[in-house]
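To keep things clear, I will list the structure first and then write my remarks on it.
2 protein chains.
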Amino acid sequence: MKRNSRLSSTLHILVHMAEKPAQALTSEQLATFIHTNPVVVRRTIAGLRDAGIVTSSRGHGGGWLLGRAPEDISLAEISAALGETLLPFSTEPESPGCLVEQAVIAVLDDFRIAAERLLQEKLSHITLADLTADFRRRYDLIGVSSHAV
Amino acid sequence: MKRNSRLSSTLHILVHMAEKPAQALTSEQLATFIHTNPVVVRRTIAGLRDAGIVTSSRGHGGGWLLGRAPEDISLAEISAALGETLLPFSTEPESPGCLVEQAVIAVLDDFRIAAERLLQEKLSHITLADLTADFRRRYDLIGVSSHAV
DNA sequence: TTTATCGTAACTAGTTAAGTTACATGAAAC
DNA sequence: GTTTCATGTAACTTAACTAGTTACGATAAA
Chain D
0 MKRNSRLSST
10 LHILVHMAEK
20 PAQALTSEQL
30 ATFIHTNPVV
40 VRRTIAGLRD
50 AGIVTSSRGH
60 GGGWLLGRAP
70 EDISLAEISA
80 ALGETLLPFS
90 TEPESPGCLV
100 EQAVIAVLDD
110 FRIAAERLLQ
120 EKLSHITLAD
130 LTADFRRRYD
140 LIGVSSHAV
Chain H
0 MKRNSRLSST
10 LHILVHMAEK
20 PAQALTSEQL
30 ATFIHTNPVV
40 VRRTIAGLRD
50 AGIVTSSRGH
60 GGGWLLGRAP
70 EDISLAEISA
80 ALGETLLPFS
90 TEPESPGCLV
100 EQAVIAVLDD
110 FRIAAERLLQ
120 EKLSHITLAD
130 LTADFRRRYD
140 LIGVSSHAV
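Keeping their order, the protein sequence lines are chains D and H.
Numbered according to numbering that gives the first Met the number 0, the first sequence spans residues 0 to 148.
Numbered according to numbering that gives the first Met the number 0, the second sequence spans residues 0 to 148.
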């Protein structure tokens with residue numbers, strides 16, 4: 000799993016879970032999907048469990064399941080549950096008392112807050128169901144072309 | 000200079016330059032503003048010179064000057080010149096051929112492109128002049144309160 | 001009781017970016 | 001023309017972050 004691909008890796012995992020809604024998938028299985036380690040998976044999606052997006056169960060036959068219907072899981076929630084920051088730049092003061100810095104931070108913070116709200120709004124309209132639908136389309140296309148050839 | 004604060008540090012520097020439009024400021028001076036090393040400054044704002052946002056001159060009396068009026072320098076240009084990525088997540092394929100991944104990347108890429116355009120648009124409306132104006136307001140406020148006390 | 005699974009702490013390794021040193025290049029001042 | 005002051009840049013060091021790994025306790029089904 001590369002740097003900065005936690006969101007896409009997590010979505011990858013979730014689509015697989017959505018495709019097998021009745022079957023608990025183990026961290027081991029999920030890890031193979033994104034070519035990584037089971038512990039990394041558990042660590043990465045621990046936040047999703049806390050947010051109710053997925054559930055986990057221990058012991059024999061245990062594993063991971065979606066916590067609710069794919070239509071009710073938005074990318075905004077997933078991103079937030081991962082603790083991802085939408086905008087990469089920081090606005091932490093480094094020279095408290097410097098008026099120039101204060102002005103810079105004020106303007107940048109205004110932008111950051113507005114931008115974050117905007118991105119969150121956009122992400123809240125994309126659901127896991129949209130992703131599975133897109134996957135299904137691709138899957139069916141391959142099927143058709145296989146028949147054709 | 001902390002991680003991820005290249006944009007705000009650079010803006011800090013630029014406001015100082017805008018406040019002394021006739022005086023070439025050395026990397027040494029700029030470095031003290033943001034508590035770092037002259038070489039780090041040169042490296043950081045090298046891209047701004049290539050973009051014409053600032054100019055530099057060597058030798059005795061040399062240093063850095065704004066390349067044009069603060070009203071004509073937008074945060075969008077500055078951010079771009081720094082090589083900053085507005086959105087932090089990657090959409091690089093890691094399992095080419097996996098339809099799930101393709102679906103995830105497709106949806107995420109659509110979002111990323113739209114979001115980037117949106118952020119850039121917003122940033123293009125904020126200029127260095129806005130920052131200096133904000134600084135001036137704060138500066139004058141302090142002055143007034145000093146008089147009052 | 002055994003086996004399969006998650007939860008989590010602790011450590012290792014790889015990557016990135018800042019910080020630093022060193023020196024060549026260029027331009028003004030004397 | 002020599003000295004001084006600046007940038008440009010390569011090369012190295014250091015610090016921080018994060019993925020990856022190992023280990024083991026807790027839990028639940030067979």
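Where is the CB? At the ideal position from N, CA and C, for every residue including glycine.
Practice task
Examine the Cβ distances between the stretch 92-107 of chain D and the stretch 89-98 of chain H and report whether three or more of them are shorter than 8 Å.
Solution key: no
Handout entry: Near-chain D residues of the stretch 3-22 of chain H - C-beta to any C-beta below 7 Å
Key = Asn-3, Ser-4, Leu-6, Ser-7, Leu-10, His-11, Val-14 and His-15
Handout entry: Proximal chain H residues relative to Pro-87 (chain D), where beta-carbon distance stays under 8 Å
Key = Asn-3, Glu-83, Thr-84, Leu-85, Leu-86 and Pro-87
Handout entry: chain H contact residues for Ala-80 (chain D), given Cβ-Cβ distances below 8 Å
Key = Within chain H, no residue comes near Ala-80 (chain D); the closest Cβ sits about 14 Å away, beyond 8 Å.
Handout entry: Rounded C-alpha distance that separates Gly-66 (chain H) from Met-16 (chain H)
Key = 10 Å
Problem - Exposed unless 16 or more other CB atoms sit within 10 angstroms - verdict on His-34 (chain H) - result: exposed
Practice task
Have a look at D:Ala-68, D:Glu-70 and D:Glu-115 and flag the residue whose alpha-carbon is nearest the alpha-carbon of Thr-84 (chain D).
Solution key: D:Glu-115
Exercise for the section: Mind checking which residues open and close the beta strand (DSSP E) that includes Thr-54 (chain D)? Expected result: 53-56
Exercise for the section: Could you tell me if Arg-42 (chain H) is buried or exposed, where buried requires 16 or more neighbouring beta carbons within 10 angstroms of its beta carbon? Expected result: exposed
Handout entry: Cβ-based burial, Arg-125 (chain D) [other Cβ within 10 Å; buried from 16]
Key = It should be pointed out that residue 125 (chain D) corresponds to Ile in this sequence rather than to Arg. The residue in question, Ile-125 (chain D), is buried, as its Cβ has 16 or more Cβ neighbours within 10 Å.
Practice task
Measuring alpha carbon to alpha carbon, tell me which of H:Leu-127, H:Ser-56 and H:Ser-4 ends up nearest Thr-25 (chain H).
Solution key: H:Ser-56
Practice task
Could you run through the stretch 98-111 of chain D and flag, in chain order, every residue whose CB is less than 7 Å away from some CB of chain H?
Solution key: Leu-98, Val-99, Glu-100, Gln-101, Ala-102, Val-103, Ile-104, Ala-105, Val-106, Leu-107 and Phe-110
Problem - Neighbourhood of Glu-27 (chain H) by C-beta, 8 Å cutoff - its chain only, sequence neighbours within 5 removed - result: Pro-37
Exercise for the section: Assign Leu-10 (chain D) to buried or exposed, taking buried as 16 or more other Cβ atoms, counted over all protein chains shown, within 10 Å of its Cβ. Expected result: buried
Handout entry: Best match in D:Gly-142, D:Leu-140 and D:Ala-128 for proximity to Asp-71 (chain D) [C-alpha to C-alpha]
Key = D:Ala-128
Problem - Three-state secondary structure (DSSP) of Leu-65 (chain D) - result: strand
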